[in-house]
Structure formats: C-alpha cells, structure tokens
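**Q** Have a look at the structure that comes next, please.
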Amino acid sequence: MKTIYKLILCLIFVGSYSVASLADIVVVVHPGNPVSALELSNIKRLFLGKTTKFSNGDTAVPFENSAQKSIFHHQITGKEVAQLKAYWARRVFSGKGFPPKEMLDSGKLKSLIANDLTSIGYIDSTAVDPTVKVIMILP
Amino acid sequence: MARNKVVTSSLFILFTLSLMAKTSFANSDIEDIDHRLEAIEIMVNRFHVNGFATVGLTRSNVEAKSREGINEDMKFDRDSRAGIRLTTDIDDHSKFITQLVGRGVDNWDAELDWAYLDYQYSENIRLRGGRLVLPFFMISETIDVRYSQPWVRPIDEVYGNVPFTGYEGVDALYSMELGEMNLGFQAWLGTSSGESSGLQFENENMYGLVFTLEQDDLTVRIGHHLQDITIVGFSDFTDVKSEFSVLGVQYDGSQWLLLGEATRFKQDRMFDYVSYYTTLGYRAGRWTPHVTFADFDRDDGAVQQAITLGLRYDVSANIALKTEVKHVNEDTLEQQGLFDSVPEESVNILTISIDTVF
Chain Z
1 MKTIYKLILC LIFVGSYSVA SLADIVVVVH PGNPVSALEL SNIKRLFLGK TTKFSNGDTA
61 VPFENSAQKS IFHHQITGKE VAQLKAYWAR RVFSGKGFPP KEMLDSGKLK SLIANDLTSI
121 GYIDSTAVDP TVKVIMILP
Chain U
1 MARNKVVTSS LFILFTLSLM AKTSFANSDI EDIDHRLEAI EIMVNRFHVN GFATVGLTRS
61 NVEAKSREGI NEDMKFDRDS RAGIRLTTDI DDHSKFITQL VGRGVDNWDA ELDWAYLDYQ
121 YSENIRLRGG RLVLPFFMIS ETIDVRYSQP WVRPIDEVYG NVPFTGYEGV DALYSMELGE
181 MNLGFQAWLG TSSGESSGLQ FENENMYGLV FTLEQDDLTV RIGHHLQDIT IVGFSDFTDV
241 KSEFSVLGVQ YDGSQWLLLG EATRFKQDRM FDYVSYYTTL GYRAGRWTPH VTFADFDRDD
301 GAVQQAITLG LRYDVSANIA LKTEVKHVNE DTLEQQGLFD SVPEESVNIL TISIDTVF
C-alpha cells in the first residue's frame, strides 16, 4: 500500500514538474479588453462560476483549455481534476450553473478569444501573438 | 401522491408543447446548408443533459435492519440509482429543468423528481416554480448525486429523517457578490407529500428561508422552515405544526475537507429531535480517506450514534470508487436507535460502491 502511494505521489510530482518546465501558462483576453491585469482571486472566482464579471464590472465568459486544464486549476483554484468535477456536479445538479466550455484545440481557443471582447482563457506562453492580450503569467 | 403525478405530468406536457412551438421555425425558408447547420447547433445548444449513477453492494453483521434498509443479507439495491437531468433554455432568461431518477429500492421505477421553470427576473433575482426539491439541507439538491459526496451514502442520522424530498410550489432566490463573498437568500412556499415506514404524509402551509454565505472554499448555510404535517388516516395527526432548523458548514479546500450539518425538529404533538454529523477528510492525490461522527437524539428516548470510516478513490475525472464501514456501538444505542429492532450486538455496515457523473 505504502509503495503504491509513494509511486503515485512520485508520478504526480514528476508529471507536473516536467510539464511545467516546458513553458509557462498565460491568461489571455481580447486585445480591446480594458482590463490589463486581474487578481488571482478574480480569475479563480471566474473559473469556478462564482462571478461572471471582470474586476471593472464588464461581462466575462471563461473558457477551459483541455491541454492545460489540470495545471491551471492546480495553480489557480487549488483543485485537482476529480475534485473540480465533484465541485461542478454539485453546482450543475443544484441549478447553480454549468462549467466553462472546454476547448480541445488551443488554436481555436486563441482565435475565439481574439474575436470576442468578453472571453477569457489560458494558453501556452509560446503561442502568444498580438491577437490576444496577456493579463497574467501563472506563478 | 396521485396529485403529484398529475401536476408533474401536466407540467411536462406543457413544457413539450412550448418546445414544439419554439422549434417549428427550423424547416421554413432555410436554404443555405450553413444556416441550417447553425440552426441545428443553436437548437442543440439549448439542451444540457447531465446524468449520474451509483452501483453499490452492502451488508451488516446483524439481523436488525438499519433505517437505510441494511442487515446481514447482502444487497445490491440499497444504494444503486441512476438519474438524468435535462435543462432546456427557453429564451435568454428562462429555462425548464426536468430530472428523472430511478432507484434500486423502488424497483427502478423512474420518478420525475423535479420539473420546474427557472426564470431569471434580474441580474440578482431568480424565480422558480413547479415541482422543486425541498431546500432543507446543504446537499438536498444533490442528495442522489453520490459522486459529489465523500461518503457512499448521505449520513442517515441527519439526512434520513425527512421522508419527503420534493414539493410543489415556488421559490425566489436573491444572490449577490460582496467583495470576494457570495451571499444568497432563498424564500420558498409550497405543499408536499411522501411515504415513510408505510405512513402517508401530506404537508401543507410549508415555507422557509435559507441564507447562504460562500467565501473561497468555505460555505455556511442557515435555514428555517415551517410546515403543517398530516399523517393520512390518523385523525390525531392532522395539521400538526412543526418547525425545522438547519445549520450547514462546508470547507472544500485543496487538501482538507470539512462537512457538517446540524438539525433541530420541533412540533406540537409527537416527538422532537436533534441530529448532527461532522465529516473530516483529507485528499492525498486520488485518495480521500474520511471519518464521520453522527448523532441522532429524539426526545422519546431513541438515540443513535455512529462512526463512519471511508475511503474514496477517484479512478478518473468521472468515476469514483468508494468503500466504507459504519460502526454503531451497542452501548451508545438508546432503545433501538434507528433500527427496526434492538441489534443483537454492535453493528458494522460495510459498503462498496462505484459512482459516476456524465
């Protein structure tokens, strides 16, 4: 039992370390969005469905990125994927709302954000170009 | 019960009709295939389907049956259940919600648990009407969605005391953000009926208020509810005034999980009771070991205390495997507790289950 547990911990540790070292994750919005920086707590609340607004009061529509979802949530909301699923199950089945739409294709997510003033998402820092505006680099 | 069915089925028919009226435009005048696809996409996006299921195996070491219906005979049907929830957007402000649940204990006869219209009146105010879930507990609305809970089943000493889960009526929800806090006020009104231990209950003049505070990973919920209870066929138990107060706390952090609810039930004629439980859990990767202490104390002398040790393993993001031992020490039992007879010795209930959401 102990060995299995250690092995799992090792795998999780090595897994997150090697992925994180490849590139940073950045939170991006439309270049025309007046918001230039967001507090961590605001981003956390947006991606947990606890608010639907940027800090300036404008409507915000978050999008998940399948490729980086687990690392993003590990760092921003502190929830692992299964815990996040249970969190959303409680909200969905009590009518409190649905989780953000999840995009499988990072390129499509970027072009969606480039064309929608209300959207907010996260992508790999190497994919950043002038079509989107970076408002946070993940710690 | 029959009245419920009539109400829910007429709501369902109404809902279907309104849907047909809304979608009939699709065939006319759309020539371009892109437009047609877009129309289909818009139509499909108006429906959200969510489901859940649990398969469980359970038994205890004694002949006396616990209130969950468990004794020394191994059972598959106690915890097994499946449900499907359909959310249909009618327009930008209104949606209709239906939830169908089939439970092993009811021979899998599917019941339309909920069927209600949800109308967003303003940014902060939502109004709902139809067949709704009684908002007694913090987990009332997700009580069948076992995946969303740490345990194999909701703690019986607290959640097993109310024999009715739904009501016909209306409610209003006011929610607001205050800095990093979310505040919610809910007021509800309606009637309800249900069956417990062969008794048929009819409740009228039911209403209540619920206040919820959410900050970061912490939720605190306080509710107070009033109702007139009638047990059909017992003239002494007609329109018995009763009140029910509930305090719930949940902390759902990255590592630690704390969950608890305390209830007090008071009424004019029969017994009163208090009940509570506290669950503490620790997440270590996919494993969540947890421990629960639960207490039920009725003023006619029935007392039951239970300690539950459980382990949840998240197989994937949609599937959880759980195992649990619930221990009821015979020395802490007063009378027969919540068992159907006095257990011959201390009771251990063992359960293994698989939960899923999709």
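Quick note, the sequences are listed as chains Z and U, same order.
Heads up: the first sequence begins at 1 in our numbering, then just goes up one per residue.
Heads up: the second sequence begins at 1 in our numbering, then just goes up one per residue.
Virtual Cβ for every residue (Gly too), placed ideally from N, Cα, C.
1) Determine, for Val145/U, whether the minimum Cβ-Cβ distance to residues of chain Z falls below 9 Å.
2) At a cut of 8 Å, does the region 275–289 of chain U reach the region 108–122 of chain Z through at least three beta carbon pairs?
3) I need the straight-line Cα distance from Pro139/Z to Gly285/U, nearest angstrom please.
4) Could you tell me the alpha carbon to alpha carbon distance between Glu141/U and Val291/U, rounded to whole angstroms?
5) List the residues of chain Z whose Cβ lies closer than 7 Å to the Cβ of Ile97/U, in chain order.
6) Which residues in the same chain have their Cβ closer than 6 Å to the Cβ of Gly160/U, if we skip the five residues on either side of it in sequence?
7) Quick one, which of Phe164/U, Val133/U and Trp108/U has its alpha-carbon nearest Ala115/U's?
8) Does the beta carbon of Ala320/U come closer than 9 Å to any beta carbon on chain Z?
9) Out of Pro31/Z, Ile43/Z and Lys53/Z, which one is the CA nearest neighbour of Ile149/Z?
10) What residues from the region 247–273 of chain U come within 8 Å of chain Z, judged by C-beta to C-beta, listed N to C?
11) Note down, one range per segment and in chain order, each beta strand (DSSP E) of at least 3 residues found wholly within the region 51–129 of chain U.
12) With a threshold of 9 Å between beta carbons, is Thr165/U in contact with chain Z?
13) Please go through the same chain and pick out, in chain order, the residues whose beta-carbon is closer than 7 Å to the beta-carbon of Ala359/U, but skip the five residues on each side of it.
14) If you check the beta carbons only, do Ser353/U and Asp79/U fall under 9 Å apart?
15) Within the chosen definition, does the region 179–199 of chain U reach the region 207–222 of chain U through at least 3 CB pairs nearer than 8 Å?
16) If you scan the region 175–216 of chain U from start to end, which runs of the beta strand (DSSP E) of 3 or more residues do you find wholly inside it?
17) What does a CB cutoff of less than 6 Å around Lys101/Z pick up in its chain, not counting 5 residues either side in sequence?
18) Would you mind working out which of Ala67/Z, Lys96/Z and Ala82/Z sits nearest Lys108/Z, comparing C-alpha positions?
19) Which residue marks the beginning of the beta strand (DSSP E) containing Trp256/U, and which one marks its end?
20) Give a yes or no on whether the minimum CB-CB distance between Leu104/Z and chain U is below 9 Å.
21) Please report the residue range of the beta strand (DSSP E) in which Tyr147/U lies.
22) Quick check on the burial criterion: 16 or more other C-beta atoms within 10 angstroms. Buried or exposed for Lys241/U?
**A** In short, the structure shows the following:
1) yes
2) no
3) 21 Å
4) 23 Å
5) Gly95
6) Arg67
7) Val133/U
8) yes
9) Here chain Z has residues from 1 to 139 only, and residue 149/Z is not among them.
10) Asp252, Gly253 and Ser254
11) 81–89, 94–103 and 111–120
12) no
13) With chain U covering 1 to 358 only, the question about residue 359/U has no answer from this structure.
14) yes
15) yes
16) 181–196 and 199–215
17) Phe63
18) Ala67/Z
19) Trp256 to Gln267
20) no
21) That residue, Tyr147/U, is in no beta strand (DSSP E); it is neither H nor E in DSSP.
22) exposed
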